[in-house]
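Just so you know, the sequence shown maps onto residues -21 to -1, 1 to 151 in mature numbering (1 follows the signal peptide of the UniProt record, and there is no 0).
Note that the Cβ used here is the ideal one computed from N, Cα and C, for glycine as well.
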Amino acid sequence: MKITALLRCLLAGGFVVAASAARSDGAGDPAPVSSTDGQYFDKDGNPTYKIGKDGKVDWYTFIGYRMYGANCLQCHGPDALGSSYAPSLVDSLKSLSTQQVLGTIIGGKRDVTAAQDLVMPSFGENKNVMCYLNPIYTYLRARSDGALGRERPSDHEAKPVDWEKTVDDCFK
Ligand code: HEC
């Protein structure tokens, strides 16, 4: 009995340490270990990018570049480098976990001080963002890790066979 309790305690402590380490180190190791329909995932099951030496990007990074441009660029600036109004997401993602980033996109964020009132809108009801959440995140992760340069990716992997259907189903 006592040994079991001690073990549980140690395991619980170990988990807390691991969780806070993950938080202070952004999303952790981005190496892809699996893929489904063109989306790559890291060892924790979070969306990640795959970029070849020739600069060819995975489909999700490519779509994310476009959807970032359509929905986020006006505040967060070209190539996610920030503006006078909103922070650089290249910098922010270095310390934010996947869940923190997705949570902010879905729920929004507001920082009010005497000097400023910064508002990150909540996109949870906006299908133009929600239907492209993984691509947008994948693109930002690649930018933040320095794996993807500025400007439009020069080449990308083929469009996944079910891509149009997946997007159509989401917009229904
Ligand atoms: C209307 C302007 C605006 C738009 C559009 C916008 N944001 Fe933001 N965003 C902000 C502001 C301002 C902040 C800082 C809020 C704060 O500090 O409380 C922010 C914060 C964030 C953060 C948290 C950064 C941090 O360091 O905590 C993330 C992640 C983010 N935005 C992602 C996005 C993504 C992805 C999109 C596009 C889908 C987007 N934003 C569109 C204005 C915007």
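#### Entry: Endpoints, the beta strand (DSSP E) within which Leu97 is located
96 to 99
### Task
Could you pull out every residue in the same chain whose Cβ sits closer than 8 Å to the Cβ of Asp16, ignoring the five residues on either side in sequence?
Pro139, Val140, Asp141, Trp142, Thr145
### Spatial neighbours of Thr27 in its chain, beta-carbon cut-off 7 Å, leaving aside the 5 residues before and after
Pro9, Pro11, Tyr19, Phe20, Asp21, Thr117, Arg120
### Query
Run through DSSP, which three-state label would Asp124 get?
coil
### Query
So, are the CB atoms of Gly82 and Met99 less than 8 Å apart?
no
#### Entry: Close-in-space but distant-in-sequence residues of the same chain around Ser123 (CB under 6 Å, 5 per side omitted)
Val69, Leu72, Lys73
### Message
Taking 8 Å as the threshold (C-beta atoms), are Asn113 and Asp77 in contact?
### Response
The sequence shown places Thr at residue 77, rather than the Asp named in the question. Contact flag unset, no.
### Task
Leaving aside the five residues before and after residue 174 along the sequence, list all residues of the same chain whose C-beta is less than 6 Å from its C-beta, in chain order.
Outside the shown range of the chain (-21 to 151) lies residue 174, about which nothing can therefore be said.
### Query
How many angstroms separate the CA atom of Gly(-9) from the CA atom of Ser133?
In this predicted model, Gly(-9) has a pLDDT of only 42, less than 50, meaning its place in the structure is not dependable enough to derive any value.
### Query
Buried or exposed: where does Gly125 fall if 16 or more other Cβ atoms within 10 Å of its Cβ makes it buried?
exposed
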